Amino acid sequence: MAKKILRINMTELKAVYEDVPEKWSRWAGRGLTSAIVCDEVDPMCHPLGPNNKVVIAPGWVTGSPAAPSSGRTSFGGKSPLTGGIKESNAGGLSGQMIAKLGLAAIIVEGTPAKGEWYTLVVSKDGVKFESAADLFGKGMYEVDELLWKKYPKTAVIGIGQAGEMKLSNAGISVNDPENKPGRYAGRGGMGAVMGARGVKAMVIVDAGGPGVEIQNQELFKQGRKKLTESIQEHGLTKKAGALNSFGTAVLVNLLNEAGGLPTRNFSAGQFEGATKISGEAIAEVCEKRGGEGTMGHGCHPGCIIKCSNIYPNESGEAIVSCIEYETTWSMGANCGIDNLDFIAKMTRECNDIGLDTIEAGNTVAIAMEGGLLEFGDAEGAFKTFDEIRKGTPLGRILGQGVEATAKAFGVSRVPVVKHQSMPAYEPRAVKGIGVTYATTPMGADHTAGYTIAPEIAGVSGKLDPLSDDGKAELSLTFQAATAFIDSSGYCLFIAFPILDIAKGWEGMAESVAGVTGLNITGADVVPLGKEILKMERLFNEKAGFTAEDDRPPEFMREEALPPHNVKWTITDKQLDSVFGWVHEN
Amino acid sequence: MRVTVKLFATLVRFNEGSQSGKPFEVDLPDGSHVKDLIDLLKIPPQETHVIFVNNIIEEHDSNLKDGDVVGLFPPVGGG
Ligand code: SF4
Numbered sequence: 001m002a003k004k005i006l007r008i009n010m011t012e013l014k015a016v017y018e019d020v021p022e023k024w025s026r027w028a029g030r031g032l033t034s035a036i037v038c039d040e041v042d043p044m045c046h047p048l049g050p051n052n053k054v055v056i057a058p059g060w061v062t063g064s065p066a067a068p069s070s071g072r073t074s075f076g077g078k079s080p081l082t083g084g085i086k087e088s089n090a091g092g093l094s095g096q097m098i099a100k101l102g103l104a105a106i107i108v109e110g111t112p113a114k115g116e117w118y119t120l121v122v123s124k125d126g127v128k129f130e131s132a133a134d135l136f137g138k139g140m141y142e143v144d145e146l147l148w149k150k151y152p153k154t155a156v157i158g159i160g161q162a163g164e165m166k167l168s169n170a171g172i173s174v175n176d177p178e179n180k181p182g183r184y185a186g187r188g189g190m191g192a193v194m195g196a197r198g199v200k201a202m203v204i205v206d207a208g209g210p211g212v213e214i215q216n217q218e219l220f221k222q223g224r225k226k227l228t229e230s231i232q233e234h235g236l237t238k239k240a241g242a243l244n245s246f247g248t249a250v251l252v253n254l255l256n257e258a259g260g261l262p263t264r265n266f267s268a269g270q271f272e273g274a275t276k277i278s279g280e281a282i283a284e285v286c287e288k289r290g291g292e293g294t295m296g297h298g299c300h301p302g303c304i305i306k307c308s309n310i311y312p313n314e315s316g317e318a319i320v321s322c323i324e325y326e327t328t329w330s331m332g333a334n335c336g337i338d339n340l341d342f343i344a345k346m347t348r349e350c351n352d353i354g355l356d357t358i359e360a361g362n363t364v365a366i367a368m369e370g371g372l373l374e375f376g377d378a379e380g381a382f383k384t385f386d387e388i389r390k391g392t393p394l395g396r397i398l399g400q401g402v403e404a405t406a407k408a409f410g411v412s413r414v415p416v417v418k419h420q421s422m423p424a425y426e427p428r429a430v431k432g433i434g435v436t437y438a439t440t441p442m443g444a445d446h447t448a449g450y451t452i453a454p455e456i457a458g459v460s461g462k463l464d465p466l467s468d469d470g471k472a473e474l475s476l477t478f479q480a481a482t483a484f485i486d487s488s489g490y491c492l493f494i495a496f497p498i499l500d501i502a503k504g505w506e507g508m509a510e511s512v513a514g515v516t517g518l519n520i521t522g523a524d525v526v527p528l529g530k531e532i533l534k535m536e537r538l539f540n541e542k543a544g545f546t547a548e549d550d551r552p553p554e555f556m557r558e559e560a561l562p563p564h565n566v567k568w569t570i571t572d573k574q575l576d577s578v579f580g581w582v583h584e585n
Numbered sequence: 586m587r588v589t590v591k592l593f594a595t596l597v598r599f600n601e602g603s604q605s606g607k608p609f610e611v612d613l614p615d616g617s618h619v620k621d622l623i624d625l626l627k628i629p630p631q632e633t634h635v636i637f638v639n640n641i642i643e644e645h646d647s648n649l650k651d652g653d654v655v656g657l658f659p660p661v662g663g664g
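One line per chain: the protein sequences are R and F, in this order. Quick note on the numbering used here: the first sequence kicks off at 1 and runs consecutively. Quick note on the numbering used here: the second sequence kicks off at 586 and runs consecutively.
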């Protein structure tokens, strides 16, 4: 059975199934959300107005039997944070279940009568529009729990209070196998766009769905085997390798050694408390406290890397799943906080209220620089989240993210590109990632083109992180490959093994070709990725972005970053060369 | 010469009782390279994937001098 598009109209409270039009038939995941947004969303629309949409799409191989670590879901629309196109993807249960219902994408559009909130129950029989009056005002832990009482073992997509208030830092939560929120399509305020559609939650019931059709079983199996082997062989992704043992936060010490761990609102590149907030420290706590605490947790069934963790309190009860590198950095080093228990509690607040942890931690750091509280004040930082939950005037400012908070507190060191704040890699100390932050259509985003692999981690070669040479080309290649991986449904972390092990790269492409029947080989990965990037760049141009929006913030050219005492030195011309080809034939 | 060494992640097992990132000192003959230090610590060279000397990424054959701070990592990454 051919896949369908499910279009949900919130003005009329109606849902229809549509055939996938020819022009979108090649795409899935990010490629598909971006293609639909480009075709159907006016680039000049207000992101919270009636003309924006939430587009949800699983990847090419998502939901196919035992494709490793491939349960990602893409969420697309126009971002209230950046004002440009957004694709934000998450793990959790939703991708596989949407795919098993035979859906290529779900498009949520229109606006219900003022004050009405809905839970959309999506099953093989269509969509039920249930009132969400009983869920309104509640955090995601309670929402997940209440919805599983009625619809056990389903995927729950939802927004916390931040999305209800349509704050620019509101994310979309997806539940994990333990039915906890925490797999977030966090970046760019997509939770506010869902809130603007009057949707508090979506329940995906996959029972009785047609499943994912495999066009060429043999090719699929061959590709899957190669990819799986490369994941199992690579030192980083294999069982008991660094990601499995220490989670993504294993990067804390690495970036700290490299002098590229942004500290106290991007004023230094090393944090004296780094080891205390590292992946090794998280693993030690899990080991010591035991109970529900564990490393090597998977965010969805079928992940064979398992980089997630469940962080326990002193009695061994789960505080949160999971503490990522980005989170332990944003709430830790960047706020001068070296207390993991507080970082865990703040992460839980983010997951409950529905906030992106990167933007949230950066916002607290800005508030610290602006004098609302002191750097290192863990208790004070924790309390700011309650302001957001309650929607106090201060909370609403903080919930808008870094840029709005910097204005409110008169701060000029504002680490944003395209209004979105930077993740845990200092561009002055790792130049290639700075090119990615500056030029990706998504606003400052490390996942958009992870040059850290060769610049710091020694994956796919070794390049000097402090040098400017070749970084424009490097970033473009990584951005293109990433756009492809984000469309495949595979977790981005397969990038490490497939960049180092040739059969893994081939295997990824072959598994996609096997499922879809598209004629795709390893050589098509970068060109197809560039097609996606081109669509996204053109959307942004129509939304008013110019070359001036592809720039890192001014202070990075002015202030030297210790310990290497380096400034941002890549020229604007080099930055403009990254996407110069978009307007060539 | 005397250098300060920090072992990270899975490499801590090569220095009994050590903790990830906790500095300790090692004496080496003058003129030693990074690989001599790795041999002395009995770490299989292929396990030392990223090497820092004074916060700069170096290689196995890089020279060491008195007072250097060396950080050794297995394959690590994330996002
Ligand atoms: S590697 Fe980590 S983030 Fe990726 S799918 Fe597995 S658990 Fe989720």
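Every residue gets a Cβ at the ideal spot worked out from N, C-alpha and C, and that includes glycine. Since the model is a prediction, treat every value here as computed from it, not as a measurement.
Closer than 9 Å at the beta carbon, the chain A residues around residue i
| i | result |
| --- | --- |
| residue 321 (chain R) | The chain labelled as chain A is not found among the protein chains of the depicted structure, namely R and F. |
Straight-line gap, residue i to residue j (C-alpha atoms, nearest Å)
| i | j | result |
| --- | --- | --- |
| residue 113 (chain R) | residue 41 (chain R) | 21 Å |
| residue 605 (chain F) | residue 297 (chain R) | 22 Å |
| residue 444 (chain R) | residue 617 (chain F) | 42 Å |
| residue 417 (chain R) | residue 610 (chain F) | 42 Å |
| residue 194 (chain R) | residue 282 (chain R) | 33 Å |
| residue 384 (chain R) | residue 362 (chain R) | 13 Å |
| residue 289 (chain R) | residue 517 (chain R) | 49 Å |
| residue 344 (chain R) | residue 240 (chain R) | 23 Å |
| residue 673 (chain R) | residue 622 (chain F) | The requested residue 673 (chain R) is not part of the displayed model; chain R covers only 1 to 585. |
| residue 585 (chain R) | residue 575 (chain R) | 20 Å |
| residue 487 (chain R) | residue 88 (chain R) | 11 Å |
| residue 433 (chain R) | residue 424 (chain R) | 10 Å |
| residue 427 (chain R) | residue 181 (chain R) | 31 Å |
| residue 292 (chain R) | residue 306 (chain R) | 16 Å |
| residue 49 (chain R) | residue 77 (chain R) | 12 Å |
| residue 121 (chain R) | residue 82 (chain R) | 30 Å |
| residue 12 (chain R) | residue 24 (chain R) | 25 Å |
Enclosing beta strand (DSSP E) for residue i [first to last residue]
| i | result |
| --- | --- |
| residue 78 (chain R) | 73 to 78 |
| residue 425 (chain R) | Careful: residue 425 (chain R) lies outside any beta strand (DSSP E) and carries neither H nor E. |
| residue 264 (chain R) | Per DSSP, residue 264 (chain R) belongs to no beta strand (DSSP E) and is neither H nor E. |
| residue 97 (chain R) | Taken as a continuous stretch (DSSP letters only), residue 97 (chain R) belongs to no beta strand (DSSP E), being part of the alpha helix (DSSP H) at 94 to 100. |
| residue 295 (chain R) | 294 to 297 |
| residue 311 (chain R) | 308 to 312 |
| residue 58 (chain R) | 54 to 58 |
| residue 643 (chain F) | 641 to 643 |
| residue 183 (chain R) | 183 to 185 |
Assigned exposure category for residue i - 16 Cβ within 10 Å defines buried
| i | result |
| --- | --- |
| residue 131 (chain R) | exposed |
| residue 16 (chain R) | exposed |
| residue 271 (chain R) | buried |
| residue 30 (chain R) | buried |
| residue 192 (chain R) | buried |
| residue 546 (chain R) | exposed |
| residue 420 (chain R) | buried |
| residue 46 (chain R) | exposed |
| residue 591 (chain F) | buried |
In DSSP terms, what residue i is bridged to
| i | result |
| --- | --- |
| residue 685 (chain F) | The first residue shown for chain F is 586 and the last is 664, placing residue 685 (chain F) beyond what the model contains. |
| residue 342 (chain R) | For residue 342 (chain R), which the question treats as bridged, DSSP gives no partner whatsoever. |
| residue 490 (chain R) | None, per the DSSP bridge assignment. |
| residue 6 (chain R) | R:17, R:106 |
| residue 119 (chain R) | R:130, R:201 |
| residue 648 (chain F) | F:618 |
| residue 605 (chain F) | Answer is none; residue 605 (chain F) lacks a bridge partner. |
| residue 598 (chain R) | This structure gives no information on residue 598 (chain R), because the portion of chain R shown stretches from 1 to 585. |
The alpha helix (DSSP H) enclosing residue i, as first and last residue numbers
| i | result |
| --- | --- |
| residue 397 (chain R) | 393 to 398 |
| residue 200 (chain R) | Premise fails: residue 200 (chain R) lies in the beta strand (DSSP E), 199 to 204, not in any alpha helix (DSSP H). |
| residue 531 (chain R) | 525 to 542 |
| residue 595 (chain R) | For chain R, the structure presents residues 1 to 585; residue 595 (chain R) sits outside this window and is missing. |
| residue 364 (chain R) | 357 to 369 |
| residue 87 (chain R) | Where residue 87 (chain R) is concerned, there is no enclosing alpha helix (DSSP H), although the beta strand (DSSP E) it sits in stretches over 85 to 90. |
| residue 37 (chain R) | 29 to 40 |
Legend entry - Against chain F: residues of the segment 489 to 514 of chain R by CB proximity under 7 Å: Legend: CB atoms of the segment 489 to 514 of chain R lying less than 7 Å from CB atoms of chain F belong to residues 492, 493, 496.
Inset, instruction - For the segment 437 to 448 of chain R, enumerate the residues whose C-beta is nearer than 8 Å to any C-beta of chain F, in chain order. - result: 446, 447
Inset, instruction - Can you give me, in chain order, the residues of the segment 299 to 319 of chain R that have a beta carbon less than 9 Å from any beta carbon in chain F? - result: 307
Legend entry - Short-range partners of chain R found in the segment 605 to 625 of chain F, where Cβ spacing is below 9 Å: 605, 606, 607
Legend entry - Members of the segment 549 to 575 of chain R near chain F, C-beta cut-off 9 Å: 563, 564
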